[in-house]
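Protein chains in written order, with the UniProt record's numbering: chain A, 1 to 148; chain B, 1 to 148.
By construction, the Cβ of each residue, glycine as well, lies at the ideal position given by its N, Cα and C atoms.
Inspection log for the structure reproduced underneath, given as structure tokens.
Number of protein chains: 2
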Amino acid sequence: MTDLTIGQLAERAGVAPSALRFYESEGLIESSRTAGNQRRYARATLRRVAFIRSAQRVGLSLDEIQNALGSLPEGRNPTKADWARLSRSWRPRLDDQIERLERLRDNLDSCIGCGCLSLRTCALYNPGDVLAERGRGAVNLEPRTHRG
Amino acid sequence: MTDLTIGQLAERAGVAPSALRFYESEGLIESSRTAGNQRRYARATLRRVAFIRSAQRVGLSLDEIQNALGSLPEGRNPTKADWARLSRSWRPRLDDQIERLERLRDNLDSCIGCGCLSLRTCALYNPGDVLAERGRGAVNLEPRTHRG
DNA sequence: AGTTGACCTCAAGAGAACTTCAAGTTGCAT
DNA sequence: ATGCAACTTGAAGTTCTCTTGAGGTCAACT
């Protein structure tokens with residue numbers, strides 16, 4: 001009886017109904033059905049969707065989010081233990097991302113300050129000077145990962 | 001004579017040659033051509049590409065990056081003033097993103113600590129309690145923006 | 001001269017995250 | 001009971017960021 005229609009959930013969560021159907025098709029959320037085959041969402045789904053959006057904002061893919069959400073129950077409110085699991089698994093990821101951002105920001109600043117912009121010495125292109133020994137032109141802002 | 005081939009640039013920047021051609025087609029980088037029509041990149045392009053990747057990592061689209069790069073010169077090293085422009089325009093964006101991440105991380109933590117998980121009171125879903133007055137079920141982690 | 005590997009263009013494909021469309025059905029107010 | 005907004009499905013379309021493939025060229029080595 002406190003269940004939400006797809007339109008209500010969409011409205012409150014700030015996403016389109018089509019997105020919710022998509023999330024469901026991807027296994028990120030679940031719904032029950034009325035006699036007439038319309039979706040009904042438990043209230044907890046609202047939180048779940050808010051969480052999904054929030055995680056997307058910080059750069060996680062739906063796959064990763066689904067993975068993390070795997071440890072949360074659907075249909076009922078997550079317990080302390082549920083969240084603890086989730087937090088433990090995300091913490092390093094979040095810390096890492098935060099560090100990256102701070103480094104970029106601070107390096108931009110320091111480049112302005114120093115005006116050096118030399119390949120060998122500029123912190124922006126050569127963070128921590130780890131590559132300083134590798135001859136001229138060492139440019140490697142990030143650990144090499146392949147995405148997409 | 002210090003110019004780089006597409007393969008060399010790709011190698012050093014840690015991106016595929018196809019990506020470099022794509023960046024060029026999108027106007028993010030430039031190249032000159034040899035008599036035989038092969039691309040040659042100025043050394044400054046290496047920095048430019050490193051910058052592009054770095055910016056992508058923190059969630060900026062190529063469009064936004066192109067925009068920002070519009071203030072940097074190609075073919076020569078950017079000056080202090082060039083970087084200052086760029087940094088000024090990115091700083092708020094970076095700060096904002098960092099804050100988001102920290103909030104998510106800390107809210108996850110506090111949820112574990114308090115175990116409340118109530119819609120009305122949980123910081124994760126109701127940051128700063130701004131929505132506490134709006135009746136039950138107020139869920140709005142982020143300012144509502146439409147993307148994609 | 002032949003072979004090899006790196007390069008060229010253009011077109012098509014890929015995957016992520018959705019949206020849009022078409023055609024039909026349901027739920028609720030009057 | 002009627003009408004209309006909100007819902008249903010499935011397929012196809014969209015945007016972004018590239019990658020892959022086909023068919024051909026260029027540079028260097030033997």
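On the three-state DSSP scale, how would you describe Arg93(B)?
helix
Cutoff 9 Å: Leu64(B) Cβ touching any chain A Cβ
In the sequence as presented, Leu is not what sits at residue 64(B); that position holds Glu. No, Glu64(B) does not count as interfacial toward chain A.
Does Arg39(B) come out as helix, strand or coil in the three-state DSSP assignment?
strand
On the DSSP bridge assignment, give the partners of residue 156(B) in chain order.
The shown model of chain B, from 1 to 148, leaves out residue 156(B), and the question about it has no answer.
Give the range of the alpha helix (DSSP H) segment to which Leu62(B) is assigned.
DSSP places Leu62(B) inside the alpha helix (DSSP H), whose first and last residues are Leu62 to Leu69.
Supposed close pair Val49(B), Ala13(B) - CB separation, criterion 8 Å
4 Å
Candidates Asp3(A), Arg53(A) and Asn37(A): closest to Ala16(A) by CA position:
Shortest Cα-Cα distance from Ala16(A) to any of Asp3(A), Arg53(A) and Asn37(A) involves Arg53(A).
Counting beta carbon pairs with one atom in the stretch 63-78 of chain B and one in the stretch 23-39 of chain A, are three or more of them shorter than 8 Å?
no
May I ask which residues mark the beginning and end of the alpha helix (DSSP H) holding Pro17(A)?
Pro17 to Ser25
Spell out whether any CB of chain A is found under 9 Å from the CB atom of Gly27(B).
no
Output yes if chain B places a C-beta closer than 9 Å to the C-beta of Ala10(A); else output no.
no
Of all the residues that make up the stretch 70-102 of chain B, which are near chain A by a beta-carbon distance shorter than 8 Å?
Asn77, Pro78, Thr79, Lys80, Trp83, Ala84, Leu86, Ser87, Trp90, Arg91, Leu94, Asp95, Gln97, Ile98, Arg100, Leu101 and Glu102
Can you find a CB in chain B that lies within less than 9 Å of the CB of Leu20(A)?
no
Relative to the C-alpha of Trp90(B), which candidate in Gly70(B), Ile29(B), Asn107(B) and Thr34(B) has its C-alpha closest?
Gly70(B)
Residues in its own chain within less than 8 Å of Thr5(A) by CB, not counting five upstream and five downstream?
Gln38, Arg39, Arg40 and Tyr41
For Ala42(A), would you say it is in contact with chain B, using Cβ-to-Cβ distances shorter than 9 Å as the test?
no
So which residues on chain A does Gly59(B) lean against when the C-beta distance must stay under 7 Å?
Gly59
Give me, in chain order, the residues of the same chain whose beta-carbon lies closer than 6 Å to that of Ala55(B); leave out the 5 immediate sequence neighbours on both sides.
Ile65
Quick one: measure Cβ to Cβ for Leu101(B) and Leu94(A), integer angstroms, because I've assumed they're closer than 8 Å.
6 Å
Tell me the DSSP secondary structure of Ser87(A) in three-state form.
Secondary structure at Ser87(A): helix, using DSSP grouped into helix, strand and coil.
Where Glu88(A) falls, given that 16 or more other Cβ within 10 Å makes a residue buried:
The sequence as given places Arg at residue 88(A); Glu does not occur at that position. The residue in question, Arg88(A), is exposed, as its Cβ has fewer than 16 Cβ neighbours within 10 Å.
Spatially closest choice to Arg43(A) from Ala68(A), Asp3(A) and Asn107(A), by CA coordinates
For the residues Ala68(A), Asp3(A) and Asn107(A), the minimum Cα distance to Arg43(A) belongs to Asp3(A).
Leaving aside the five residues before and after Asp82(B) along the sequence, list all residues of the same chain whose C-beta is less than 7 Å from its C-beta, in chain order.
Ser71, Leu72 and Pro73
State the beta-bridge partners of Ser31(A) as determined by DSSP.
For Ser31(A), which the question treats as bridged, DSSP gives no partner whatsoever.
Roughly how many angstroms lie between the CA atoms of Glu11(B) and Ser31(B), to the nearest whole one?
So the two alpha carbons sit approximately 16 Å from each other.
What is the rounded straight-line gap between the Cα of Ala84(A) and the Cα of Glu99(A)?
Roughly 22 Å between the two C-alpha positions.
Looking at the structure shown, is Val49(B) part of a helix, part of a strand, or coil, going by DSSP?
Assignment of Val49(B) by DSSP, reduced to helix, strand and coil, places it in the helix class.
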